[in-house]
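Following: one structure in structure tokens, then a few remarks.
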Amino acid sequence: RWRGLRQKLDTRCFTSGDEYTISAKFRLVNATSQVGAWCDTNIQWNDRHNTQCPSVTIYGWNCDEGNVYWRFWNQQEGFEWDPTTFNDFSSSFIVDDRLASCEAVNVYVNEVNDQYEIVMDDVQISATGTESPTKE
């Protein structure tokens, strides 16, 4: 069963060489008790034991040279999850030729413990530095 957030992105925004930063505030709560839940910041893969923290995935399809599946974990140095509050998330990526060629691109936040709900605030994908001109 799939649970999470998915948002379609405007592919005209993705020009090869552009850099973007994904930022958000995440909190995990037990779906039954609504008590804050802990996750392991050291696990940066879907461990199937569902102890990993929220990640953000960029998924593009119908792209030159195959689909794009990029998963991003929190890149904040020394980050420790606090189950009692929102936790800042930040990760960056550079658009390559393959992502720039995709006919459709979505962003996903999903794949945490099935017993948890993901509470999100202030989710953004922002250009970092100078942007290339967009496609018409």
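Mapping the sequence shown onto our numbering, position 123 (from 1) lands on 125, and the numbers just tick up by one.
Where a beta carbon is used, it is the ideal one built from N, C-alpha and C, also for glycine.
- Straight-line spacing of the CA atoms in Asn115 and Asn44 works out to 15 Å.
- In this structure Arg100 does not touch Cys55 by the C-beta definition: roughly 27 Å separates them, more than the 8 Å allowed.
- Shown here, Asp99 sits in a helix according to DSSP, grouped into three states.
- Residue pairing by DSSP places Gly38 opposite Val31 in a beta bridge.
- In this structure, Gly38 sits away from Ile120, with a CB-CB distance that is not shorter than 8 Å.
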